[in-house]
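Just so you know, the sequences run in chain order B and F. Read left to right, the first sequence gives residues 1 to 153 (this note's numbering). Read left to right, the second sequence gives residues 1001 to 1153 (this note's numbering). We put the beta carbon where it would ideally sit given N, CA and C, even for glycine. Report on one structure; see the data block that follows.
There are 2 protein chains.
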Amino acid sequence: MTPQAPHPHGHHHPPPPGPASLRSRGRRLTRQRELVWEALTATPDTHLSAEQIAAYVHQHAPSVSATTIYRSLDVLVTEGLVLRTELGADRSFYEPAHEHRHHHVVCRDCGKVTHLHDDLLGELPARVNAASGYVLGTEEITLFGHCPACREP
Amino acid sequence: MTPQAPHPHGHHHPPPPGPASLRSRGRRLTRQRELVWEALTATPDTHLSAEQIAAYVHQHAPSVSATTIYRSLDVLVTEGLVLRTELGADRSFYEPAHEHRHHHVVCRDCGKVTHLHDDLLGELPARVNAASGYVLGTEEITLFGHCPACREP
DNA sequence: CTCTCTATCGCCAGTGAATTGCGTTAGGCT
DNA sequence: AGCCTAACGCAATTCACTGGCGATAGAGAG
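Put into structure tokens, the structure is as follows:
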């Protein structure tokens, strides 16, 4: 029944990502949480708001409440499956926790979000530590600017 | 009457900071705006929320409405006298617009905010541009980490 | 100094994202 | 199959902030 059912008795890929891992973490795997995860992974490299996720989920199960969307996201974030990103607006955006750490540049004009590889920071963490004593966390960093398209004449 | 009244007929310092400059920009200098400015400059290097500013203002003029605090801050930000900073929480923080551009590191544990000189970014803007085509704006950047005190055993 | 014009204010209702309380439903382990 | 309780759905609530509107008070003109 599950769309992305893995090999019946295969035992290859070590850590299978996805909400199935919730069970081994003592949490229940519900249809609602599956759908939230589905919304987030339906299209790659997207950042969805809770509202957008709710819209997707409602296409498959109209009775799911907004409250459940929020609570499911909280669980997925807490369990490390989903990343909550503050993209400057008044709401949060979510994306599947990716393999490698990355950051975001948000266009002030059109709102477009682009990923930046962590390497780009260079010695920034070291410099920050030298200057302030702070040790940077693993949180993503959000930068703001203007994308190429919006700078056209 | 005004505490920090400048020289009666002096004409030294070129650009006098503070809300008095509002007048030359076609805006009115009201007691409420003075008080908001006072709250922000009462202690150096602080970042106050609208609520904290309201508390200060109310000590001197209890009848000032919260709406006015918000609108005054909007004006001061628009006129470039005050900087609105997004420190990650669900609310904005404000500080007098300083001379030089700077950024912030916020401690995830105690919430302490420390300034970082713009130089610290180094080639980051250039690298971001090379990698994404984006041109970074002049906005402050907020980083998160753990301050020295909170890392003590 | 007074008058007039209108920017600003204070009040209060309204937004919109997100949270909470509570009775009901349904995971999932035995 | 049954039980325990995590998780749900609903409705009401919180919280930071915004908008409408009549009243008030800056500040330039006279």
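Cβ of residue i within 8 Å of any chain F Cβ
i	result
ALA5/B	Caution applies to ALA5/B, whose pLDDT of 40 falls short of 50 and renders its modelled position unreliable; the model cannot decide the point.
HIS146/B	yes
TYR94/B	no
ARG84/B	no
LEU120/B	yes
ARG151/B	yes
GLY88/B	yes
GLU34/B	no
GLU38/B	no
GLU99/B	no
GLU139/B	yes
PRO8/B	For PRO8/B, the predicted structure reports a pLDDT of 42, less than 50, and the residue's modelled location is therefore unreliable. A value from the coordinates is still provided. So no, PRO8/B is outside the interface.
HIS12/B	In this prediction, HIS12/B has a pLDDT of 46, which is less than 50 and means its spatial position is unreliable; what the coordinates show is noted afterwards. Not an interface residue.
Assigned secondary structure, residue i (DSSP; H/G/I helix, E/B strand, else coil)
i	result
THR951/F	The structure shown does not extend to residue 951/F, since chain F is modelled only from 1001 to 1153, so the question has no answer here.
HIS1100/F	coil
PRO1003/F	Unreliable positioning characterises PRO1003/F in this predicted model, as indicated by a pLDDT of 41, which lies under 50. A coordinate reading is not provided.
PRO8/B	Confidence is the limiting factor: at PRO8/B the pLDDT is only 42, short of 50, which leaves the residue's position unreliable and the question unanswerable from this model.
VAL1106/F	strand
Per DSSP, cross-strand counterpart(s) of residue i
i	result
THR1085/F	PHE1093/F
Neighbour flag for residue i against chain B, beta carbons, 8 Å
i	result
LEU1143/F	yes
GLY1080/F	no
Which residues, in chain order, does the stretch 102-117 of chain B contribute to contact with chain F at a C-beta distance below 8 Å? VAL105, CYS107, ARG108, THR114, LEU116, HIS117
Taking only runs that begin and end inside the stretch 1015-1076 of chain F, name each unbroken alpha helix (DSSP H) of 4 or more residues, in chain order. 1021-1024, 1031-1042, 1050-1060
Please identify, using Cβ separations under 7 Å, the residues of the stretch 1124-1137 of chain F that lie next to chain B, in order along the chain. LEU1124, ARG1127, VAL1128, ALA1131, SER1132, GLY1133, TYR1134, VAL1135, LEU1136, GLY1137
Alpha helix (DSSP H) segments (min. 4 residues) lying fully within the stretch 113-151 of chain B: 124-132
Can you pull out the residues from the stretch 46-72 of chain B whose beta carbon lies closer than 9 Å to at least one beta carbon of chain F? none
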